[in-house]
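Position 15 of the sequence shown, counted from 1, bears residue number 14 in numbering that gives the first Met the number 0, the numbering being contiguous throughout.
Here the structure comes first, spelled out in structure tokens, and everything after it is commentary.
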Amino acid sequence: MTMLLRAAMFAIGIGAMLAAAPVQAQGTRPAGVSDEQLFGTVLRASKWETLPIPVCWENPSAADAHYRSITRSAVEETWERYSAVRFTGWGRCSDNAPGIHIRIADEGPHVKALGRYLDQRPQGMVLNFTFREWSPGCQQTRDFCVYAVAAHEFGHALGFAHEQNRDDAPKECRAENAQGTKGDYNVTKYDPVSIMNYCNPEWNSDGKLSALDIEAVQKFYGK
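Shown next as structure tokens:
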């Protein structure tokens with residue numbers, strides 16, 4: 000990725016505008032409690048308990064079919080590839096359709112909640128395919144931007160918060176890039192190259208999961 004594109008993408012601040020109240024991360028495990036027990040307890044509220052997870056589009060059109068396909072490929076080649084997570088459906092939303100509702104709009108991509116709190120939520124996830132008004136620099140590399148953004152936002156849809164919000168993240172990362180809700184349990188050690196980390200030297204990890212991203216999603220949803 001060029002330095003110009005990286006700088007532009009860093010400045011636009013892609014991420015979650017989350018509705019949940021911030022909570023402090025829990026860094027140590029209480030005596031007598033296993034990792035799995037603690038993990039299930041403190042993140043149970045956002046974890047999808049039933050798989051597969053339905054996905055639908057609120058306003059799809061023939062003009063954006065290519066980018067909807069890229070979005071699906073991004074999810075398949077990241078979160079689905081390395082875990083038991085599966086997403087299904089991907090058609091037009093019907094009234095009260097279960098699962099993640101995606102709206103396509105020329106604005107900053109975001110989710111309105113973490114994990115299962117997106118279930119049936121109107122415009123729960125917003126993705127940008129045109130980049131005319133928001134981040135016009137992405138028009139130069141539209142396929143890449145759509146792919147990397149989708150991989151990042153679907154991390155939030157699975158319940159993962161921004162890595163740079165952690166208390167053990169470098170001070171400069173927390174000060175400059177903190178956004179959205181803190182997680183309430185550190186599943187792995189701090190990951191400077193996480194796809195969920197705005198402080199990653201490669202924007203959105205170039206659309207790829209890091210080794211610790213893979214470990215986290217496998218611990219949360221199974222291999």
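Note that the Cβ used here is the ideal one computed from N, Cα and C, for glycine as well.
Check each candidate in Phe-86, Asp-212, Pro-59, Ala-61 and name the one with the smallest Cα separation from Ser-72. Each of Phe-86, Asp-212, Pro-59, Ala-61 was checked against the Cα of Ser-72, and the nearest Cα belongs to Phe-86.
Give me, in chain order, the residues of the same chain whose beta-carbon lies closer than 6 Å to that of Val-54; leave out the 5 immediate sequence neighbours on both sides. Phe-86, Gly-88, Trp-89, Gly-98, Ile-99
On the CB-based measure, 16 or more other CB atoms within 10 Å of its CB, does Thr-27 come out buried or exposed? Legend: pLDDT at Thr-27 = 41, less than 50; position of this residue unreliable, value from coordinates given subsequently. Answer is exposed; the Cβ neighbour count stays below 16.
Inter-residue Cα distance where the pair is Gly-107 and Glu-76: 23 Å
Is it buried or exposed for Asp-34, if we count other Cβ within 10 angstroms and need 16 for buried? Residue placement at Asp-34 is flagged as unreliable, the pLDDT there being 39, under the threshold of 50; the coordinate-derived value follows with that caveat. Exposed, because fewer than 16 other Cβ atoms sit within 10 Å of the Cβ of Asp-34.
With a threshold of 8 Å on Cβ separation, who are the neighbours of Ile-69 within its own chain once the five nearest residues in sequence on each side are excluded? Asp-142, Val-145, Tyr-146, Ala-149
Answer with buried or exposed for Asp-212, where buried requires no fewer than 16 other C-beta atoms within 10 angstroms of its C-beta. The residue in question, Asp-212, is buried, as its Cβ has 16 or more Cβ neighbours within 10 Å.
Once the 5 residues before and after Ala-96 are set aside, which same chain residues still bring their CB inside 6 Å of it? Cys-55
Pair within 8 Å by beta-carbon distance, Lys-46 and Gly-158: yes
So which of Trp-78, Val-74, Arg-67 has the shortest CA-CA distance to Val-216? Trp-78
Is Val-192 near Ala-156, with beta carbons less than 8 Å apart? No, Cβ-Cβ distance for Val-192 and Ala-156 is not below 8 Å.
Taking Thr-70 as part of the alpha helix (DSSP H), name the residues at either end of that continuous run. 64-74
Per-residue DSSP class, three states only, for Pro-53: In the structure shown, Pro-53 sits in a strand (DSSP, three-state: E or B).
Is the distance from the Cβ of Lys-222 to the Cβ of Ser-82 below 8 Å? yes
Contacts around Gly-206, its chain only, beta-carbon distance under 6 Å, and the 5 residues preceding and following it disregarded: Tyr-146, Ala-147, Ala-150
With 16 as the cutoff for other CB atoms within 10 Å, does Glu-247 come out buried or exposed? What is shown of the chain runs 0 to 222, which leaves residue 247 out entirely.
Please report the straight-line C-alpha distance between Leu-117 and Met-124, rounded to a whole angstrom. A direct Cα-Cα distance of roughly 8 Å separates Leu-117 from Met-124.
In the DSSP assignment, what residue or residues form a beta bridge with His-100? His-100 is bridged to Cys-55.
Mind checking who Leu-117 pairs with in its DSSP beta bridge? For Leu-117, which the question treats as bridged, DSSP gives no partner whatsoever.
Span of the alpha helix (DSSP H), counted from its first residue to its last, around Phe-143: For Phe-143, the enclosing alpha helix (DSSP H) stretches over residues 141-156.
Are there 16 or more other CB atoms within 10 angstroms of the CB of Asn-58, so buried, or fewer, so exposed? exposed
Determine the direct distance from the alpha carbon of Gln-138 to that of Arg-131, and round the result to whole angstroms. 8 Å
Counting only the same chain and skipping the five closest in sequence on each side, list residues whose C-beta sits under 7 Å from that of Ala-104. Val-125, Asn-127
Would DSSP call Val-84 helix, strand or coil? coil
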